[in-house]
Amino acid sequence: MHTCTHRLKVMLNVEPNNSDTMYTLGLVYKSLKQHQEAYTMLHRAVDESPNHVAALYELSTLYVEDSQCEHVTDLLSRLHGLSPDHNWAQVLRDKCNGTR
Numbered sequence: 000m001h002t003c004t005h006r007l008k009v010m011l012n013v014e015p016n017n018s019d020t021m022y023t024l025g026l027v028y029k030s031l032k033q034h035q036e037a038y039t040m041l042h043r044a045v046d047e048s049p050n051h052v053a054a055l056y057e058l059s060t061l062y063v064e065d066s067q068c069e070h071v072t073d074l075l076s077r078l079h080g081l082s083p084d085h086n087w088a089q090v091l092r093d094k095c096n097g098t099r
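The sequence shown begins at 0 in numbering that gives the first Met the number 0 and counts up by one.
Here you go:
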């Protein structure tokens, strides 16, 4: 097991509802190309903290990277609602549509 992954899991055992730790662990899994684990952690982060913009964004990018755009529509709408001044949602939507 990756050292960073182990430490983050220990942190989650101490604070099981910490959405920032879930988000960080999701990023580690994503960087290790362990996408199923990344989906699980990022979804948990968003479930625990529905306005966690970074977790919503990373979860959306993961779906786009895996060409699972059908799962991203709701996430992008939420992301745009939380951060309307950024074009993240539109950029990801364009990637799903093949225009970027």
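Each residue gets a CB set at the ideal place from its N, CA and C atoms; glycine is no exception.
Short CB-CB distance (under 7 Å) between residue i and chain C
i	result
P49	Absence of chain C from the displayed structure is noted, only one protein chain being present.
With 16 other Cβ atoms within 10 Å as the buried cut-off, status of residue i
i	result
S30	exposed
V45	buried
G25	buried
Straight-line Cα distance separating residue j from residue i
i	j	result
S76	M40	20 Å
P15	P83	30 Å
A54	R6	19 Å
K32	T4	13 Å
C95	N17	31 Å
Whole-angstrom C-beta distance between residue j and residue i, which should lie under 8 Å
i	j	result
L91	V63	5 Å
L11	T2	Contact doesn't hold; Cβ gap of about 15 Å is too wide.
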